[in-house]
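Student:
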Amino acid sequence: MWSHKYSQPLAPFSPLGYTNGMKTAVSIPDEVFEGAERLARRTKRSRSRLFSDALKEYLARHAPDEVTEAMNKACAEIGDAEDAFVSSAARRVLEQSEW
Numbered sequence: 014m015w016s017h018k019y020s021q022p023l024a025p026f027s028p029l030g031y032t033n034g035m036k037t038a039v040s041i042p043d044e045v046f047e048g049a050e051r052l053a054r055r056t057k058r059s060r061s062r063l064f065s066d067a068l069k070e071y072l073a074r075h076a077p078d079e080v081t082e083a084m085n086k087a088c089a090e091i092g093d094a095e096d097a098f099v100s101s102a103a104r105r106v107l108e109q110s111e112w
């Protein structure tokens, strides 16, 4: 079945393939689609993989709360142990800085 001038038939189901997951239809400008097609071919990835990777990257960049949460978690895991060398070095830097 061809539903768009650029569509391809659905790939056969593969339990180990990238086709598992939610399927959706979106409308995008032809020039965006054509650029995605070229990039998918050049990087030897499926179009689905390309769109999924792009959306993951976009979501990561636009989810500052998740980034902050991850940084807070990392800091909490490191703990509040004071390092005498770091404290001394920081003090010296601050003393030499103009305020």
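All residue numbers for the sequence shown refer to this note's numbering, where the first residue is 14 and numbers rise by one.
All residues carry an ideal CB built from backbone N, CA and C; glycine is no exception.
None of the values given here were measured: they were computed from a predicted structure.
Rounded to the nearest angstrom, what separates N85 and D78 at their Cα positions?
Tutor: Approximately 10 Å, taken between the alpha carbons.
Student: Please state the DSSP three-state secondary structure of M84.
Tutor: helix
Student: Check whether the region 63 to 76 and the region 44 to 54 touch, using three or more Cβ-Cβ pairs below 8 Å as the test.
Tutor: A contact is defined here as three or more CB-CB pairs under 8 Å, and the region 63 to 76 meets this definition with respect to the region 44 to 54.
Student: Taking just the CA atoms, how far does V45 sit from K36?
Tutor: 19 Å
Student: How big is the Cα-Cα spacing for L72 and E111?
Tutor: Each residue's Cα considered, the two are about 41 Å apart.
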